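Comments concern the structure below.
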Amino acid sequence: MHSTARRLFSQLAVAAATSLAIAGCAPSTETGGQARGIPTFRTDPGWPNVPAQWRLGEVSSIAIDADDNAWFLHRPYSLPDDEADLSAPQVLGFDLNGNFIDAWGGPSDGYEWPEREHGLQIDHEGFFWITGNNCPATTERGLGPVSDDQVLKFTADGEFVMQIGRANASRGNADTANLNEPADAVVHPPTNEVFIADGYGNHRVAVFDADTGAFKRLWGAFGNVPEDRANCPRVFAESVPAGPGPPQFSIVHA
304 MHSTARRLFS QLAVAAATSL AIAGCAPSTE TGGQARGIPT FRTDPGWPNV
354 PAQWRLGEVS SIAIDADDNA WFLHRPYSLP DDEADLSAPQ VLGFDLNGNF
404 IDAWGGPSDG YEWPEREHGL QIDHEGFFWI TGNNCPATTE RGLGPVSDDQ
454 VLKFTADGEF VMQIGRANAS RGNADTANLN EPADAVVHPP TNEVFIADGY
504 GNHRVAVFDA DTGAFKRLWG AFGNVPEDRA NCPRVFAESV PAGPGPPQFS
554 IVHA
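Residue numbering for the sequence shown follows my numbering, starting at 304 and increasing by one per position.
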């Protein structure tokens, strides 16, 4: 992707978050039994206030914590070459006013950071869940032939907690130890299970214990057994045919 397009992608993601933050603070037009008016949105060009020494790449995901702070997951590799050394850490937090809170993330000993950052979710206990969706056949500049087959769990200040799966380790849809380019991970509080949209490589939903990482169950579209079908490099249909949907997921995104 051209550097200009990458900048536009990131700017649009930030603008969307800005508009939502402003809309959430706007007074309601609903009174009594009257219908709510049509909301209006405007972009705040000064939000968020990214520290001057850093640059943001593509923002792949934005999550809101219990204190209404916005946390960004971005892709440093997407920055142009002349800004690569200025990249912010992969995870950045901002309050409602756009003030910088904290930043962390990236490769380190003890866990396998995803090659291509994709999903960020914050659970009911404040833990951060991060996924990646790099395809080994990628031709994107700055990415290597790595399959992101793992999900990472961190505390709010970036302390590593747990990894489910290993990079380059997927054995397909029946594999209960690894993912395959998972798109997102969401924790269900009543059962403390993490539901993983798995994903770009596999074609299933996989469920694990959110504390131990133990496998619980999986399923494909309509409850069917998911089938192994190559999806790297990506193949996207140009149109959706009429009639019943296919019996298998293509990409399980969220």
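Where a beta carbon is used, it is the ideal one built from N, C-alpha and C, also for glycine. It should be emphasised that the depicted structure is a prediction, and the values quoted were computed from it without experimental measurement.
Per DSSP, the unbroken beta strand (DSSP E) holding A373 starts and ends at A373 to R378.
Apart from sequence neighbours up to five positions away, the residues of its chain that approach P485 with a beta-carbon distance below 6 Å are T434, V454, I499, D501 and G502, ordered along the chain.
Under DSSP, H556 shares a beta bridge with no residue. Inside the stretch 422 to 510, DSSP marks whole beta strand (DSSP E) runs of 3 or more residues at positions 431 to 435, 454 to 457, 463 to 467, 487 to 491 and 496 to 501, from first to last along the chain. Of the candidates A509, L376 and E418, E418 places its Cα closest to the Cα of L446.
The beta carbon of I404 sits closer than 7 Å to those of N372, G396, F397 and D398, all from its chain and outside the five residues before and after it, given in chain order. Setting aside the 5 residues that flank it on each side, A557 is surrounded in the same chain by A486, D487 and A500, each with a C-beta closer than 7 Å to its C-beta; the list follows chain order. In this structure G408 is buried. Its beta-carbon is surrounded by 16 or more other beta-carbon atoms within 10 angstroms. Inter-segment contact for the stretch 521 to 530 and the stretch 544 to 555 is present: three or more beta-carbon pairs are separated by less than 8 Å. Excluding the 5 residues flanking it on each side, A509 has same chain C-beta neighbours closer than 6 Å at I499, D501 and L521, in chain order. The DSSP-derived three-state label of D384 is helix.
In the DSSP assignment, D512 forms a beta bridge with E496. A distance of 8 Å or more separates the beta carbons of G349 and L382. Only residues of its own chain outside the window of five on either side were considered, and among them C438, P439, A440 and G504 have a CB closer than 7 Å to the CB of C535, listed in chain order. Going by beta carbons, K456 and V464 fall inside the 8 Å limit. In this structure, P351 lies away from G422, with their beta-carbon atoms at least 8 Å apart. In this structure, Q393 sits away from V489, with a CB-CB distance that is not shorter than 8 Å. Setting aside the 5 residues that flank it on each side, R532 is surrounded in the same chain by H506 and Q551, each with a C-beta closer than 8 Å to its C-beta; the list follows chain order.
It is roughly 9 Å from the alpha-carbon of A472 to the alpha-carbon of A480. The C-alpha of A391 is placed about 14 Å away from the C-alpha of S363. Linking L376 to W432 through their CA atoms gives a straight-line distance of about 11 Å. For the pair V528 and A406, the Cα-to-Cα distance works out to about 40 Å. Taking all protein chains in view, the Cβ of A513 is crowded by 16 or more other Cβ atoms within 10 Å, so the residue is classified as buried. Taking a C-beta distance under 8 Å as the contact criterion, E420 and R469 do not qualify as a contact pair. The continuous beta strand (DSSP E) containing S364 extends over residues E361 to I367.
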